[in-house]
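Notes to accompany the following structure.
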Amino acid sequence: MLAPTYHREVGELFDHHIHSDRSDGTVSLQGRAKTVSVRPHGVSDHYPWKEKMRDDDDVLRYLDDAARLGLRVGLEFDLGVAPSLRPSTRDALHYVIGALHQVEVAPGEWIRYDDAGAFLKGRVHAYGEAQRYLDADLQRRIRERTLEVVREGIETERIDILGHATMGPLAALGDPERALPAEWQERLIRTCVDADVAIEVNEAYGVPHREFLERAQRLGARFSVGSDTHFELRPLDKTMAMIRGASLDESRFLAGRRVREAV
Ligand SMILES: [Zn+2]
Ligand SMILES: [Zn+2]
1 MLAPTYHREV
11 GELFDHHIHS
21 DRSDGTVSLQ
31 GRAKTVSVRP
41 HGVSDHYPWK
51 EKMRDDDDVL
61 RYLDDAARLG
71 LRVGLEFDLG
81 VAPSLRPSTR
91 DALHYVIGAL
101 HQVEVAPGEW
111 IRYDDAGAFL
121 KGRVHAYGEA
131 QRYLDADLQR
141 RIRERTLEVV
151 REGIETERID
161 ILGHATMGPL
171 AALGDPERAL
181 PAEWQERLIR
191 TCVDADVAIE
201 VNEAYGVPHR
211 EFLERAQRLG
221 ARFSVGSDTH
231 FELRPLDKTM
241 AMIRGASLDE
251 SRFLAGRRVR
261 EAV
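If you number the sequence shown the way the working numbering does, the last residue is 263 and the count never jumps.
The structure is reproduced here in structure tokens:
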């Protein structure tokens with residue numbers, strides 16, 4: 001029998017960002033455990049999530065249940081919203097992804113990312129609220145608040161990975177190099193690099209864009225693959241194209257465990 005031709009696929013990289021029915025995914029932890037043979041992956045459910053993931057106790061139960069099935073267990077910590085975890089809970093997880101899904105640009109004034117996210121995922125064909133985000137002052141407030149919230153997540157919550165870093169209304173406007181100035185991108189990247197926090201290449205939203213990834217590599221970032229699937233496991237086509245497009249070094253990718261020093 002002929003040996004199979006060895007063909008290196010991005011699929012061999014560890015996929016850190018996968019949801020189960022312990023938050024808003026459709027697949028059980030048992031189902032997730034079955035697909036680690038397809039490609040290496042963990043689970044990283046939303047925290048907090050309604051009545052399912054409310055506090056440390058819920059997180060620890062999820063961790064136990066998933067780890068018993070042989071899964072690596074992360075969490076998608078909702079930056080700027082989630083209640084702090086106990087340091088011992090954070091340390092018990094294999095890794096923590098921090099991600100923004102909304103941002104408070106002024107006291108009580110929340111910008112929600114749902115519509116922008118649906119557009120970036122290709123679920124809707126036009127970004128209906130685009131007009132509102134052409135406002136330069138609002139753009140600036142979103143960018144500045146994003147930096148603050150990410151910094152807090154890194155310092156206080158000790159996240160390991162910044163998930164879908166640029167997902168939001170500004171990326172959804174269509175030209176991220178315009179809405180997200182290079183200088184801002186570099187500040188965000190440096191905040192991650194200085195703390196050894198990996199930057200996720202996100203399959204579902206197709207972010208960050210090529211120039212961002214190139215800057216991140218130039219500045220010495222680590223990376224992390226995240227399919228962000230809520231459904232069955234699918235090939236990482238977009239991720240592969242993004243990694244190749246920005247010529248990212250695969251040795252800079254996390255492999256299912258944190259590299260940040262514990263405090
Ligand atoms: Zn997310
Ligand atoms: Zn997610």
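Idealized CB from N, CA, C, for every residue including glycine.
These figures come from a predicted structure and were not determined experimentally.
For residue j and residue i, the rounded distance between their alpha carbons
| i | j | result |
| --- | --- | --- |
| His7 | Val38 | Low confidence applies here, because His7 scores a pLDDT of 44, under 50, leaving its location unreliable; read the following figure in that light. Whole-angstrom Cα-Cα distance: 15 Å. |
| Val27 | Gly74 | 16 Å |
| Asp57 | Asp24 | 18 Å |
| Glu20 | Ala165 | Looking at the sequence shown, residue 20 is not Glu but Ser. Between Ser20 and Ala165, the C-alpha separation is close to 21 Å. |
| Arg151 | Val197 | 11 Å |
| Leu63 | Arg123 | 31 Å |
| Val81 | Arg22 | 19 Å |
| Leu180 | Ala118 | 19 Å |
| Glu261 | Ala221 | 16 Å |
| Ala3 | Tyr205 | Reliability of the predicted coordinates at Ala3 is poor, the pLDDT of 47 falling under 50, and the value obtained from them is presented with this limitation in mind. Cα to Cα, Ala3 sits roughly 37 Å from Tyr205. |
| Glu12 | Arg61 | 29 Å |
| Val43 | Ala66 | 8 Å |
| Leu233 | Thr35 | 7 Å |
| Asp55 | Asn202 | 26 Å |
| Ala171 | Arg178 | 9 Å |
| Glu265 | Leu69 | For the chain, the structure presents residues 1 to 263; residue 265 sits outside this window and is missing. |
| Leu138 | Ile111 | 10 Å |
| Arg32 | Ile18 | 9 Å |
| Trp268 | Met167 | Nothing about residue 268 can be read from this structure; the chain reaches only from 1 to 263. |
Test item: CB-CB of residue i and residue j under 8 Å
| i | j | result |
| --- | --- | --- |
| His41 | Phe14 | yes |
| Asp207 | Leu120 | Looking at the sequence provided, one finds Val at residue 207 rather than Asp. Closer than 8 Å, so yes. |
| Ala94 | Arg244 | At residue 94 the sequence reads His, which differs from the Ala that was named. In this structure, Arg244 does not lie closer than 8 Å to His94 by Cβ. |
| His16 | Ile97 | yes |
| Arg210 | Glu186 | no |
| Tyr133 | Asp115 | no |
| Ile159 | Gly153 | yes |
| Arg145 | Glu104 | yes |
| Ala246 | Leu219 | no |
| Glu148 | Leu85 | no |
| Ala99 | Gly163 | yes |
| Tyr113 | Gln131 | no |
Distance cut-off 7 Å: residue i Cβ against heavy atoms of ligand 2
| i | result |
| --- | --- |
| Glu109 | no |
| His125 | no |
| His16 | no |
| His19 | yes |
Classification of residue i by the beta-carbon crowding that lies within 10 angstroms, buried from 16 upward
| i | result |
| --- | --- |
| Gln30 | exposed |
| Val225 | buried |
| Pro83 | exposed |
| Pro87 | exposed |
| Asp135 | exposed |
| Val259 | exposed |
| Pro280 | The requested residue 280 does not occur in the structure, where the chain is confined to residues 1 to 263. |
| Ala106 | exposed |
| Thr5 | Any answer about Thr5 is weak, because its pLDDT of 45 lies below 50 and its placement is not dependable; what the coordinates show is given next. When all chains shown are included, Thr5 counts as exposed. |
| Glu200 | buried |
| Ser227 | buried |
| Asp45 | buried |
| Thr229 | buried |
| Phe253 | buried |
| Phe223 | buried |
Any non-hydrogen atom of ligand 1 within 7 Å of residue i CB
| i | result |
| --- | --- |
| Asp56 | no |
| Ala172 | no |
| His41 | no |
| Glu76 | yes |
| Asp228 | yes |
| Gly122 | no |
| His94 | no |
| His101 | yes |
* Asked: Is the segment 232 to 241 close to the segment 185 to 194, with three or more CB pairs under 8 Å?
  -> no
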